[in-house]
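Line by line, the protein sequences are chains Z and H.
Under the working numbering, residues 227 to 420 are what the first sequence spells out, in order.
Under the working numbering, residues 227 to 420 are what the second sequence spells out, in order.
Each residue gets a CB set at the ideal place from its N, CA and C atoms; glycine is no exception.
Protein chains: 2
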Amino acid sequence: MLELAVLGLLHEAPMHGYELRKQLHARLGPLRAFSWGSLYPTLRRLQRAALIAEQAPAGEERSWGRQGRRSRKVYEITAEGKDRLDELLGEAGPQAYDDDGFGVHLAFFSRTPAEVRMRILEGRRRRVEERRDGLRSTLTRAGEQIDRYTRELHRIGLDTTEREVRWLDELIDHERSLSPTATDEATGRTRRPE
Amino acid sequence: MLELAVLGLLHEAPMHGYELRKQLHARLGPLRAFSWGSLYPTLRRLQRAALIAEQAPAGEERSWGRQGRRSRKVYEITAEGKDRLDELLGEAGPQAYDDDGFGVHLAFFSRTPAEVRMRILEGRRRRVEERRDGLRSTLTRAGEQIDRYTRELHRIGLDTTEREVRWLDELIDHERSLSPTATDEATGRTRRPE
DNA sequence: GCCCGATGTATCGCCGCGATATGGTCGGCC
DNA sequence: GGCCGACCATATCGCGGCGATACATCGGGC
């Protein structure tokens, strides 16, 4: 997940770790944290895999040589990195449907192929519906006997999931209006019920 | 987190791993998963720490001897385990405010001291408000220039956090009505603003 | 003159996850 | 009668991410 985020950002412009994290927060907002303990090891990993590369000090001594507080390693995406990014953006697996994964994918949706966008949205919708139905049945079937606090927890969860489904429907409709062909075929649906 | 959940459940009745996970799902619902890869290592860890113990086969051969599908290790909480449970229930640290931690704590709220309940709810409220404010300022300040999908992500997030704050207020009011004294003192508040 | 907070890179151990292996039992279906 | 799939039940492995922590430099406020 962080791999996608880092490659996606570095595809737009070279950056160093600290800046990378600020950008991450700006996009994902307080929705997804990503701590230092995740970021730096990921950068190492990506560098070893040659998906990103450390920029040479470049301007010899000037430019950042004096203004940078500390050494500052600036990374840029490599050709292999771009390939990998396309690969990640093209995937619509289960991990693209869970809370974290979906958020990250959405943050790079404009770079995602329309057909994949649709599959991710539909997949996410199915996932959220499952959760909603689970909560709903717990509340109706065992509504009386469960702990008050647990019930409250399920109530707010149910409300949240219901709203997200409606929100997803709006996004899906929007996508459909953008590219009315191919998307229905891809998901095997002709018309979304409800 | 799983430690609290397991100890909390075993405090109610001895159980084996599979049953434990079903109970977990019943309480936390689809809000918090907890896979096998978390559960069994946790049971090992707790057993090694002597917080839980494996029940002796008990009835010699009868009882579950024939109906059980497989060996089935039944665990029960020990005296140390109960102490540890009280300790965990008495904590109101930062980890009790994040999504996962808060959910688990809430599921065992009826066993949590009233004063601690209050601090957890207030802490969670503060946390959610921070997230809300972050989303809100991003939307208003950089509302025009950010990516459409990112903006949508922030919109739904903002809506969700606003609702959760209101929901928390209801819970807090309820708590306050249960034990009107001590709670305000504990949190240094006299009246919740709005 | 001093401390605080932001900038910046980095590591460590732990927790939880997803995938996977293994195998017993039961009901239903052909 | 035999086979299949669903459920019961335990367990491991590698890895991604987190929180805490360390260390260093700079600008600004008191």
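Whole-number beta carbon distance between residue j and residue i, since they are thought to touch under 8 Å
i             : j             : result
residue 332/Z : residue 234/Z : At roughly 11 Å, the Cβ-Cβ gap does not stay under 8 Å, so residue 332/Z and residue 234/Z are not in contact.
residue 405/H : residue 340/H : 5 Å
residue 302/Z : residue 240/Z : 4 Å
residue 227/H : residue 330/H : 5 Å
residue 354/H : residue 316/H : The Cβ separation is near 23 Å, so there is no contact.
residue 265/H : residue 229/H : Residue 265/H to residue 229/H, Cβ: 11 Å. No contact.
residue 262/Z : residue 382/H : Incorrect: roughly 28 Å between the Cβ atoms, too far for contact.
residue 278/Z : residue 236/Z : 6 Å
residue 281/Z : residue 300/Z : 4 Å
residue 389/H : residue 385/Z : 7 Å
Residue-level contact to chain Z via CB, residue i, 8 Å cutoff
i             : result
residue 256/H : yes
residue 274/H : no
residue 375/H : yes
residue 234/H : no
residue 243/H : no
Paired residues, beta bridge with residue i - DSSP
i             : result
residue 301/H : 241/H and 280/H
Any C-beta of chain H under 8 Å from that of residue i
i             : result
residue 379/Z : yes
residue 333/Z : yes
residue 253/Z : yes
residue 323/Z : no
residue 361/Z : yes
residue 239/Z : no
residue 329/Z : yes
residue 366/Z : no
residue 304/Z : no
residue 295/Z : With a pLDDT of only 46 at residue 295/Z, under 50, the local geometry of the prediction cannot be trusted, and no value is derived from it.
Residue i CB to nearest heavy atom of the ligand FMN below 7 Å
i             : result
residue 387/Z : Within the structure as shown, the ligand FMN is missing, as the structure has no ligands at all.
Legend entry - Inter-stretch contact at 8 Å, needing at least 3 Cβ pairs: the stretch 248–256 of chain H / the stretch 353–360 of chain Z: yes
Inset, instruction - Quick one: which residues of the stretch 382–411 of chain Z get their C-beta closer than 8 Å to a C-beta of chain H? List them in chain order. - result: 382, 383, 385, 386, 389, 390, 393 and 397
Inset, instruction - Taking 8 Å as the threshold, find out whether the stretch 325–345 of chain Z comes into contact with the stretch 299–310 of chain Z through three or more Cβ pairs. - result: no
Inset, instruction - Anything in the stretch 335–357 of chain Z with a Cβ closer than 8 Å to a Cβ of chain H? List those residues in chain order, please. - result: 335, 336, 356 and 357
Legend entry - the stretch 370–377 of chain Z / the stretch 341–349 of chain Z touching (three or more Cβ pairs under 8 Å): no
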